[in-house]
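In the working numbering, the protein residues as written are 22 to 429.
Encoded as structure tokens, the structure appears first; notes follow it.
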């Protein structure tokens, strides 16, 4: 039983792809191992912005030998009238490397055939693994792929290195001009050069020493604890959604949480807009007072722990520009009534067969009138209010705010 380590080193991967690819390579690896009759104890996959990793623990050294029964030609064409083997039988024995004296005769579907019992020797795992690597690289589903240099290979981002070790032995694999090796790389900014490793244990230690937290769950928990600690120190609550945490987790290899601030004037903009800008556009964690009001503060997660003041000011500058856009679009929308937007709905079409959004609004208006009449006739709701609510139900779709911040 031997440990197998595969690391596919890349340029920075999109966060969504890295998470998805990690799941895919686990499923693809498990299927390939099962198809090739290679048993193992445990299989783990990891992803960071610049690497996809497969670790297989206690992988069998070779496929088990298999006893197989081979069906040869029919008896009546295997021997002549004197009982001597024919060319058909001799050819069968030669092609399968079978001793003619070990053959047996058995019935199959009403006819007699010659059979041979052979032992198929299992192939060594280290010789099969290159096919596994090729299968993974060619089978990972990529929404947007790219080529680089003069290669024909397509992947989400250019592949820079491939580390492949079976125990302490190098797995020989070639992807066009790129050869596998026993070299990895650490953090892009906090480490430098190629790092030689000769075992799984050494690999994990080298990454840790070179500022890479490989384990996705460990890195995720690290981020969460840092963010919560800052919020606690500020006597504030922090909004941590699972989707945002997962996305930030795939943007860093060595997370460092840093708090920043913005001008309180931006708090005059609707809270949901500011929160959307911070979460969806900047991948920040917004801070709130204990009574639930948005504070002029945020937490960003950097990929390194040096120059925090520079990182803070840089993020504050970027956020300021985003919030300026938001406040501009918000005040522009306030200059015009929602009723003035209705005409624009005639030019918004999602499905040609069902008409424009304006057509949909007219249908909503009729449905609202029916519901009000049939179910709320005693509620004293004016038909004017019903019609206005229905007419304006989709007007926000053509506002500057929604068009610029589609998450709203």
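Virtual Cβ for every residue (Gly too), placed ideally from N, Cα, C.
- The stretch 80-98 makes no contact with the stretch 223-235: fewer than 3 CB pairs, one atom from each, lie closer than 8 Å.
- In the pairwise beta carbon analysis, the stretch 178-196 is classified as touching the stretch 146-164: at least three pairs are separated by under 8 Å.
- DSSP places residue 146 in the uninterrupted alpha helix (DSSP H) bounded by 146-160.
- Annotation for residue 339: the continuous alpha helix (DSSP H) segment containing it runs 329-355.
- Relative to the Cα of residue 169, the nearest Cα in the group 403, 199, 414 belongs to 199.
- When the Cα atoms are used, residue 26 and residue 62 turn out to be separated by approximately 14 Å.
- Under the three-state reduction of DSSP, residue 190 is assigned to strand.
- One thing to note: residue 42 has its Cβ no nearer than 8 Å to the Cβ of residue 272.
- Per the C-alpha coordinates, the member of 343, 320, 239 positioned closest to residue 333 is 320.
- Taking a contact as a CB-CB distance under 8 Å, the pair residue 303 and residue 340 counts as one, their CB atoms being some 6 Å apart.
- In the assembly as shown, residue 355 is an exposed residue. Its beta-carbon has fewer than 16 other beta-carbons within 10 Å.
- In this structure residue 274 is in contact with residue 232, their Cβ atoms being roughly 7 Å apart against a cut-off of 8 Å.
- An exposed status is given to residue 164, since fewer than 16 other beta-carbon atoms sit within 10 Å of its beta-carbon.
- For residue 342, the closest C-alpha among the options 375, 254, 380, 299 is that of 299.
- Judged by pairs of C-beta atoms under 8 Å, the stretch 89-109 does not touch the stretch 47-57, as fewer than three such pairs exist.
- Residue 217 sits away from residue 138, with the two beta carbons spaced by 8 Å or more.
- Across the structure, residue 305 and residue 58 are spaced so that their CA atoms are roughly 46 Å apart.
- When the five nearest sequence neighbours on each side are left out, the beta carbons in the same chain lying within less than 8 Å of the beta carbon of residue 125 are those of 135, 136, 137, 138, in order along the chain.
- For residue 266, the enclosing alpha helix (DSSP H) stretches over residues 263-270.
- By the C-beta density criterion, residue 396 is exposed, having fewer than 16 other C-beta atoms within 10 angstroms.
- Nearest C-alpha to residue 381 among 338, 171, 414: 414.
- Excluding its 5 nearest sequence neighbours in each direction, residue 69 has C-beta neighbours in its own chain below 6 Å: 274, listed in chain order.
- The alpha-carbon separation between residue 344 and residue 292 amounts to approximately 11 Å.
- The C-beta distance from residue 131 to residue 110 rounds to 20 Å, too long to fall under 8 Å, and the pair is not in contact.
- Residues 248, 249, 251, 252, 306, 307, 308, 309, 320 of the same chain have their beta carbon placed closer than 8 Å to that of residue 259, with the five preceding and five following residues left out of the count.
- With at least 16 other beta carbons inside 10 angstroms of its own, residue 74 counts as buried.
- Counting only residues of its own chain and dropping the five nearest sequence neighbours on each side, residue 96 has a CB closer than 7 Å to the CB of 126, 133, 134, 135.
- Per the coordinates, the alpha-carbon of residue 379 lies some 18 Å from the alpha-carbon of residue 421.
- In the structure shown, residue 53 falls within a helical segment according to DSSP collapsed to helix, strand and coil.
- Secondary structure note for residue 406: it is in no beta strand (DSSP E), and the uninterrupted alpha helix (DSSP H) holding it is 404-412.
- Considering only 279, 212, 222, 214, the residue with the shortest C-alpha distance to residue 245 is 279.
- In the DSSP secondary-structure assignment, residue 169 is not bridged to any residue.
- Annotation for residue 141: the continuous beta strand (DSSP E) segment containing it runs 132-141.
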